[in-house]
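K.L.:
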Amino acid sequence: MVSTAAVKRALSALARRTDTATRPSVAVIDEAEAARSDLRRAAGFVDADGLDRLDEAIAAAERAADEDAAERGRDARAAFRRFREAADGGARPPGDAGDESGR
Numbered sequence: 001m002v003s004t005a006a007v008k009r010a011l012s013a014l015a016r017r018t019d020t021a022t023r024p025s026v027a028v029i030d031e032a033e034a035a036r037s038d039l040r041r042a043a044g045f046v047d048a049d050g051l052d053r054l055d056e057a058i059a060a061a062e063r064a065a066d067e068d069a070a071e072r073g074r075d076a077r078a079a080f081r082r083f084r085e086a087a088d089g090g091a092r093p094p095g096d097a098g099d100e101s102g103r
């Protein structure tokens, strides 16, 4: 029979283990990528402060030198900007990339 102490040690080690877990920043980037394929899911992502979380995830991926994740995040962010532009009838929000009035 396994001792209670051994079980506690094993559970504690599992709780601390992060080498196989998806980093939170990558999970947000994965979520943003998946949301791009469905309008309702994209709207839900935006409503859940997804764009702010995505910006933070991109920065975290860059700090971790995970260029693949950072690039996927930037691509997703660009897609959400295009969604916003299309919803606004082609007008870019002030300060958005490419908008001369925001400089």
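Residue numbers (full-length UniProt numbering): 1 to 103. Even glycine gets a Cβ: it sits at the ideal position worked out from N, Cα and C.
(1) Any idea if A48 is buried or exposed, counting beta-carbon neighbours within 10 angstroms, 16 or more meaning buried?
(2) Return yes when the Cβ of I58 is within less than 8 Å of the Cβ of A42, no when it is not.
(3) What separation, rounded to the nearest whole angstrom, lies between the Cα atoms of G73 and A61?
(4) Measure the alpha-carbon distance for L51 versus E67 and round it to whole angstroms.
(5) Between R84 and A78, what straight-line distance do the alpha-carbon atoms span, to the nearest angstrom?
(6) Expressed to the nearest angstrom, what Euclidean distance is found between the alpha-carbon atoms of A27 and A34?
(7) Below 8 Å on the Cβ atoms is my contact criterion, and I expect A32 with L54 to pass it. Report the Cβ-Cβ distance as a whole number of Å.
P.N.:
The answer reads as follows:
(1) exposed
(2) no
(3) 9 Å
(4) 19 Å
(5) 10 Å
(6) 11 Å
(7) 5 Å
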